[in-house]
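So the sequence shown is numbered by this note's numbering: it starts at 9 and just counts up by one.
Built from N, CA and C at the ideal position, the CB exists for glycine as well.
In what follows, a structure is listed as structure tokens, so that the remarks can point back to it.
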Amino acid sequence: MYGARGADVGGVRKRVILAAAAACSMTSPVSRHARSSPIIANGGRPGGGERQAEQRTSEDTAPVSIMWPLTGSHRAEKSTRINFTLETTEGCYRWSSTRPEVASIQAVDEVSGSGCSRRAVLQALSTQPSKLTSIILAEDVVTGQVLRCDAIVDIINDIQIVSTTRELHLEDSPLALKIQALDSEGNTFSTLAGLVFDWTLVKDVDVNGFSDSYNSLRVLKFSESTYKPPGYISEMERVGKQGDIILVSGMKTGHAKLKAKIQEPLYKDVGAAEVRLLILENILLSPAHDVYLLAGTSIRYKVLKIRQGSIAELSMPCDQYELHLQNSVVGPNGKPDVAVSSLGQSISTVTAISWDHINVVLIIELSF
């Protein structure tokens, strides 16, 4: 039996087979068997208040650090401070910071007469251009159990752009790009909320045969999409600023380079982060799954294009797209020259000749 395995698409031969595809812990000075109350660490928007992220821990987890970047606000410059809200799931706690000049902790919704609460706002206050840590303690007023969280303020040493993919398709959903900041030891900062970044499209030299296409990509505001961003991003967009998260959308096939730079004066010497993105036609090869054929039988492949929300079959052959076969059988001379199948280009049909498997590849000739 013959197997036509997979389908590749793109000028770089892209596979078409599609697969369906911080916090605190508890220690107890009273009883080792007392059950702990997990803390929820909520990354707040600049200035506090709204919660953006939620992380939960159990009694068996190790202490997790919350790490802020030092910003201009800590150096008497105009900027916005970043808050975290710490919240327990049960009990009532008194909150304290071992180094309040580094990170302060303020109880929220205190129970009258007891001086305890289940929530507290954590804020970085350090003014020193060095790594400093404050230990945040929360003691249950009834059991004496203690929650601990390390609050760290440090200098950003490097930034990177991260995303789920480096490829976009025309007329597809926008791609979210996010800045990840690292300290000098390679540790990742918990939040960059409130930091202003400058995202720009830049010209680039030819890469892997693709000529530069400056207008291939468009940077979108979240307000122009159906995506719901963190609250601080919406606030920054309203005043014409860009934060650590943006959306991009493909305008035409090609290759684009995007650069992001921190606008905080303190970080003027931190290099810009760069990312190269490839924008492709929204093309499908059907069938895209593995196909099994008996020798002498055939199957016809279709090239489908998603355009304005609908799928249309392209007429083959054509100048921009061409089917190829990759035989996997290796001959005596070490070259893959033993025919496993044949391809009828005029009718896009693959015919099995002998037993083994091959890849069906759709080559796309990109023109800029």
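For residue i, the residue or residues it bridges with in DSSP
{"i": "cysteine 124", "result": "Val119"}
{"i": "methionine 324", "result": "Bridge partners of methionine 324: none, in fact."}
{"i": "valine 278", "result": "Paired residues: none, contrary to the question."}
{"i": "valine 256", "result": "Leu183 and Val227"}
{"i": "tyrosine 101", "result": "Ser125 and Asp148"}
{"i": "alanine 3", "result": "Because the chain spans 9 through 376 in this model, residue 3 falls outside it and cannot be assessed."}
Cα-Cα separation, residue i to residue j
{"i": "asparagine 91", "j": "valine 129", "result": "7 Å"}
{"i": "threonine 283", "j": "lysine 267", "result": "Sequence check: residue 283 is valine here, not threonine. Their Cα atoms are separated by approximately 7 Å."}
{"i": "tyrosine 309", "j": "valine 247", "result": "51 Å"}
{"i": "proline 325", "j": "leucine 331", "result": "8 Å"}
{"i": "leucine 370", "j": "glutamate 289", "result": "12 Å"}
{"i": "phenylalanine 230", "j": "methionine 244", "result": "11 Å"}
{"i": "arginine 102", "j": "isoleucine 74", "result": "19 Å"}
{"i": "lysine 313", "j": "glutamate 193", "result": "47 Å"}
{"i": "valine 358", "j": "lysine 269", "result": "50 Å"}
CB contact check: residue i to chain B, cutoff 8 Å
{"i": "aspartate 117", "result": "Although the question refers to chain B, the structure presented lacks it and comprises just one protein chain."}
Continuous alpha helix (DSSP H) stretch holding residue i: start and end
{"i": "methionine 244", "result": "239-246"}
Classification of residue i by the beta-carbon crowding that lies within 10 angstroms, buried from 16 upward
{"i": "isoleucine 372", "result": "buried"}
{"i": "alanine 303", "result": "exposed"}
{"i": "alanine 360", "result": "buried"}
{"i": "alanine 320", "result": "exposed"}
{"i": "aspartate 162", "result": "buried"}
{"i": "lysine 236", "result": "exposed"}
Neighbourhood of residue i by C-beta distance below 7 Å, restricted to the same chain and skipping five residues each side
{"i": "isoleucine 143", "result": "Thr106, Arg156 and Asp158"}
{"i": "glutamine 114", "result": "Ala128 and Val129"}
Residue range of the unbroken beta strand (DSSP E) whose run includes residue i
{"i": "asparagine 91", "result": "90-96"}
{"i": "isoleucine 187", "result": "183-190"}
{"i": "threonine 359", "result": "357-360"}
{"i": "glycine 352", "result": "349-352"}
{"i": "serine 198", "result": "Unbroken run through serine 198: none, as it is neither H nor E."}
{"i": "serine 233", "result": "Careful: serine 233 lies outside any beta strand (DSSP E) and carries neither H nor E."}
{"i": "serine 306", "result": "306-308"}
{"i": "valine 210", "result": "205-210"}
{"i": "tryptophan 76", "result": "73-77"}
{"i": "aspartate 364", "result": "364-372"}
{"i": "valine 110", "result": "Unbroken run through valine 110: none, as it is neither H nor E."}
Close Cβ partners of residue i (< 8 Å) along its chain, the five nearest in sequence each way excluded
{"i": "serine 171", "result": "Leu183, Ala184, Leu185, Lys186 and Val283"}
{"i": "serine 233", "result": "Pro182 and Leu255"}
{"i": "valine 150", "result": "Gly99 and Cys100"}
Residues near residue i by beta carbon distance below 6 Å, same chain, minus five either side
{"i": "aspartate 191", "result": "Asp162 and Asn165"}
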